[in-house]
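Novice: Chains as they are written, first to last, in our numbering: chain A, 5 to 116; chain B, 1072 to 1186.
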Amino acid sequence: QKEVEQDPGPLSVPEGAIVSLNCTYSNSAFQYFMWYRQYSRKGPELLMYTYSSGNKEDGRFTAQVDKSSKYISLFIRDSQPSDSATYLCAMKAPGGTPKLVFGQGTRLTINP
Amino acid sequence: GAGVSQSPSNKVTEKGKDVELRCDPISGHTALYWYRQSLGQGLEFLIYFQGNSAPDKSGLPSDRFSAERTGGSVSTLTIQRTQQEDSAVYLCASSHPGQHQETQYFGPGTRLLVL
């Protein structure tokens, strides 16, 4: 079983919809949680970074962390065609190597 | 400023040949990482450099894989005697400890195809 599980999709929604992306994890040592966005044939770019349970909002994006359930989410409001990309959750533990452990990525398409 | 750059963008090679992949990190970033992205596998950590030393090589899949970093800057990932299962996108990232929560910034990747 992988340390981080993410539904690979694909997920297709109409423009303007609210999108919910989720990851679960098994390693309770993870303390830092990230969402990266990756456009086709590009490298991942950081969208959101959280390190505590609760919600963090940035524009149309909200990241949610529930450490007790080992579950994180990314919500996209008023989705746009330009949001079409693969979304990767990533996590790391404090101390040691600051390597990221990624979910498989969810491929999202927003239809105009 | 310039981001992380990688070369070549694409590489097609024959099984059994050696390949070298290059990463130029963001200037001043002391930490450098290599990851591999395969279909159905997501992004997997390969190796971590702090300066020129590699305190964590635990993700390298076999002894055919090696990496070095010189001058605290450029890094090269070498795959010897390539196999078809080595086909993937190889991504490099860099970060600066203490800066922006040590965010890792990724390059565009090198797409390797082993025939």
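Virtual Cβ for every residue (Gly too), placed ideally from N, Cα, C.
DSSP state of residue 98 of chain A, grouped into three classes?
Specialist: In the first sequence, residue 98 of chain A corresponds to position 94, counting from 1. Residue 98 of chain A falls in the coil class under three-state DSSP.
Novice: So, helix, strand or coil for residue 1126 of chain B, using DSSP?
Specialist: Translated into positions along the second sequence, residue 1126 of chain B becomes position 55. DSSP places residue 1126 of chain B in strand when its eight states are reduced to three.
Novice: Note down, in chain order, every chain A residue with its Cβ under 7 Å from the Cβ of residue 1057 of chain B.
Specialist: Any property of residue 1057 of chain B remains undetermined from this structure, which presents chain B solely from 1072 to 1186.
Novice: Can you tell me the Cα-Cα spacing of residue 45 of chain A and residue 1179 of chain B, whole angstroms?
Specialist: Here the question's residue 45 of chain A lines up with position 41 in the first sequence. Here the question's residue 1179 of chain B lines up with position 108 in the second sequence. Going from the Cα of residue 45 of chain A to the Cα of residue 1179 of chain B covers about 7 Å.
Novice: Once DSSP output is grouped into helix, strand and coil, what is the label at residue 11 of chain A?
Specialist: Here residue 11 of chain A corresponds to residue number 7 of the first sequence, with the count starting at 1. Of the three classes helix, strand and coil, the one that applies to residue 11 of chain A here is coil, per DSSP.
Novice: Let me know if residue 1148 of chain B comes out buried or exposed under the rule of 16 or more other beta-carbons within 10 Å of its beta-carbon.
Specialist: In the second sequence, counting from the first residue as 1, residue 1148 of chain B sits at position 77. The residue is buried, with at least 16 neighbouring Cβ atoms inside 10 Å.
Novice: Quick one: grab the DSSP three-state call for residue 1155 of chain B.
Specialist: As a first step, residue 1155 of chain B must be located in the second sequence, where it is residue number 84. Correct three-state label for residue 1155 of chain B: helix.
Novice: Over what stretch of residues does the beta strand (DSSP E) that includes residue 1077 of chain B continue unbroken?
Specialist: On the second sequence, residue 1077 of chain B is found 6 positions in, with the first residue counted as 1. It spans 1076 to 1078 - the beta strand (DSSP E) in which residue 1077 of chain B sits, taken as one unbroken run.
Novice: May I ask you to list, following chain order, the residues of the region 1081 to 1113 of chain B that have a beta carbon less than 9 Å from some beta carbon of chain A?
Specialist: Those residues of the region 1081 to 1113 of chain B that come within reach of chain A (Cβ to Cβ, closer than 9 Å) are 1102, 1104, 1106, 1108, 1111, 1112 and 1113.
Novice: Please report how far the alpha carbon of residue 1123 of chain B lies from the alpha carbon of residue 1074 of chain B, in whole angstroms.
Specialist: Along the second sequence, one-based indexing puts residue 1123 of chain B at 52. Along the second sequence, one-based indexing puts residue 1074 of chain B at 3. C-alpha separation (whole angstroms): 20 Å.
Novice: So who's on the other strand from residue 1113 of chain B, going by DSSP bridges?
Specialist: The count along the second sequence starts at 1 and reaches residue 1113 of chain B at position 42. Paired residues: B:1109.
Novice: For the beta strand (DSSP E) containing residue 80 of chain A, name the first residue and the last one.
Specialist: Position 76 of the first sequence, counted from the first residue, corresponds to residue 80 of chain A. Where residue 80 of chain A is concerned, the enclosing beta strand (DSSP E) stretches over 75 to 80.
Novice: Does the CB of residue 46 of chain A have a neighbour CB from chain B at under 8 Å?
Specialist: Taking the first sequence and counting its residues from 1, the one referred to as residue 46 of chain A is at position 42. With 8 Å as the cut-off, residue 46 of chain A counts as an interface residue toward chain B.
Novice: Who does residue 67 of chain A pair with in a DSSP beta bridge?
Specialist: Within the first sequence, the letter at position 63 stands for residue 67 of chain A. Its beta-bridge partners are A:60 and A:78.
Novice: Please tell me whether residue 1015 of chain B has its Cβ less than 8 Å away from any Cβ of chain A.
Specialist: Chain B is shown from 1072 up to 1186; residue 1015 of chain B falls before or after that span and cannot be answered.
Novice: Exposed or buried, which one is residue 114 of chain A when buried takes at least 16 other CB atoms within 10 Å?
Specialist: Indexing the first sequence from 1 puts residue 114 of chain A at position 110. Answer is buried; the Cβ neighbour count reaches 16.
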